[in-house]
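Report on one structure; see the data block that follows.
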Ligand SMILES: [Ca+2]
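In our numbering, the protein residues as written are 122 to 448.
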């Protein structure tokens, strides 16, 4: 392949000089077949919608095309419209064959549930807690590489409702713990804060987005793995040297974000009110020092760099509801 590439490059150089390529070794003279899938190797689609996958083929004269889904042949066209019926991660592969050559490219398509849009607190479907006051928690995960201007399909800003009594003096941290306990899909890593274990910090958020009951994160450096059953009431309290950095979800259909030095969960507060705030401001408090107020909105995002200048804001206009409590 390398040899062929070098030959190709030298041909191009020669052609630029208006000198034609030699026909001496005709087999190697054919430009290599290559294929790619438009929009890249990881794409998301909401369950209920379809995703048009388009392949690009170069030097594929008379080539035969084949799309496969998890190994099964599904189409022989250049374009394949994928209309999944279940959530999950699907490997869709495109291959082109000529008499002498073949090439393929694949895309991992994550199919997630169609969450309901949230414009006001009444739109939130998951509720826990008791009392006359209501607050909302929202956590944002972004899939794909573009965090600054992601497309809506890659923004997952899920929200939960929390009821509390005014006499409880509930904090933002208590709201997170209560929701983690109540929602079997929601997972939280907690670590010590800036003044030790008495001031907890949030180190990570996870969500069993494909709803298969499995959730697992693995640390690429230490190989430490936490499974759903390791979380107690939805929470793992980190100790020792484990900062929460370096974990990734082992299930590409789930959401995970976490860390402390390499990136961190950042905390935003919106204006109190029944409707989703139009914008959120960076919280001046750690969650355990943030006193909830009636109709308050707390939002968390993940920022890749530990710097006040580079933060990922909540895309409030795209807020959706976490899946309602299981029966
Ligand atoms: Ca899962």
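Quick reminder that beta carbons are idealized off the backbone N, C-alpha and C, glycines included.
C-beta atoms of residue i and residue j nearer than 8 Å
{"i": "residue 274", "j": "residue 165", "result": "yes"}
{"i": "residue 281", "j": "residue 247", "result": "yes"}
{"i": "residue 199", "j": "residue 179", "result": "no"}
{"i": "residue 391", "j": "residue 420", "result": "yes"}
{"i": "residue 213", "j": "residue 188", "result": "yes"}
{"i": "residue 413", "j": "residue 356", "result": "no"}
{"i": "residue 151", "j": "residue 194", "result": "no"}
{"i": "residue 312", "j": "residue 285", "result": "no"}
{"i": "residue 442", "j": "residue 245", "result": "yes"}
{"i": "residue 300", "j": "residue 249", "result": "yes"}
{"i": "residue 197", "j": "residue 186", "result": "yes"}
Unbroken beta strand (DSSP E) run spanning residue i, endpoints
{"i": "residue 357", "result": "356 to 358"}
{"i": "residue 391", "result": "385 to 391"}
{"i": "residue 313", "result": "307 to 314"}
{"i": "residue 440", "result": "440 to 442"}
{"i": "residue 382", "result": "First-last for residue 382: undefined, no H or E at that position."}
{"i": "residue 419", "result": "417 to 424"}
{"i": "residue 434", "result": "Premise fails: residue 434 is in no beta strand (DSSP E) and is neither H nor E."}
{"i": "residue 221", "result": "Neither: residue 221 is in no beta strand (DSSP E) and is coded neither H nor E."}
{"i": "residue 346", "result": "346 to 348"}
{"i": "residue 156", "result": "155 to 158"}
Close Cβ partners of residue i (< 6 Å) along its chain, the five nearest in sequence each way excluded
{"i": "residue 261", "result": "278, 422 and 435"}
{"i": "residue 226", "result": "156, 157, 158 and 215"}
{"i": "residue 224", "result": "154, 155, 156 and 217"}
{"i": "residue 370", "result": "338 and 377"}
{"i": "residue 136", "result": "Confidence in residue 136 is poor, its pLDDT being 45 and thus under 50, which makes the residue's placement unreliable; the coordinate value appears in the next sentence. Hits under 6 Å: none found."}
{"i": "residue 348", "result": "337"}
{"i": "residue 138", "result": "Caution is warranted here: a pLDDT of 42 is assigned to residue 138, below 50, making its placement in the model unreliable, and the coordinate value is therefore given only provisionally. Excluding residues within five positions, none has a Cβ falling inside 6 Å."}
{"i": "residue 446", "result": "247"}
Sheet register partners of residue i (DSSP bridge)
{"i": "residue 234", "result": "BP columns for residue 234 are empty, so no partner."}
{"i": "residue 261", "result": "278"}
{"i": "residue 255", "result": "284"}
{"i": "residue 175", "result": "200"}
{"i": "residue 242", "result": "According to DSSP, residue 242 bridges with nothing at all."}
{"i": "residue 214", "result": "189 and 227"}
{"i": "residue 401", "result": "391"}
{"i": "residue 168", "result": "170"}
{"i": "residue 248", "result": "282"}
{"i": "residue 272", "result": "Residue 272 pairs with nothing; no bridge assigned."}
{"i": "residue 326", "result": "309 and 378"}
Range of the contiguous alpha helix (DSSP H) that encloses residue i
{"i": "residue 298", "result": "293 to 303"}
Sequence-distant residues of the same chain with beta carbon closer than 7 Å to residue i, five excluded per side
{"i": "residue 242", "result": "255, 257, 282, 395 and 416"}
{"i": "residue 424", "result": "384, 385, 387, 431, 432 and 433"}
{"i": "residue 368", "result": "325, 338, 339, 340, 377 and 379"}
{"i": "residue 351", "result": "357"}
{"i": "residue 239", "result": "245, 280, 397, 440, 441 and 442"}
{"i": "residue 211", "result": "190, 191, 205, 230 and 232"}
Close-in-space but distant-in-sequence residues of the same chain around residue i (CB under 8 Å, 5 per side omitted)
{"i": "residue 169", "result": "235"}
{"i": "residue 122", "result": "Confidence is the limiting factor: at residue 122 the pLDDT is only 40, short of 50, which leaves the residue's position unreliable, though a coordinate-based value still follows. Once the five neighbours on either side are set aside, the close Cβ partners of residue 122 are 153."}
Meets three-Cβ-pair contact criterion under 8 Å: the region 360 to 379 and the region 260 to 280: yes
Counting Cβ pairs, one atom from each stretch, are 3 or more of them under 8 Å apart for the region 321 to 338 and the region 303 to 311? yes
Using 8 Å as the Cβ pair cut-off and three pairs as the minimum, do the region 286 to 294 and the region 395 to 409 touch? yes
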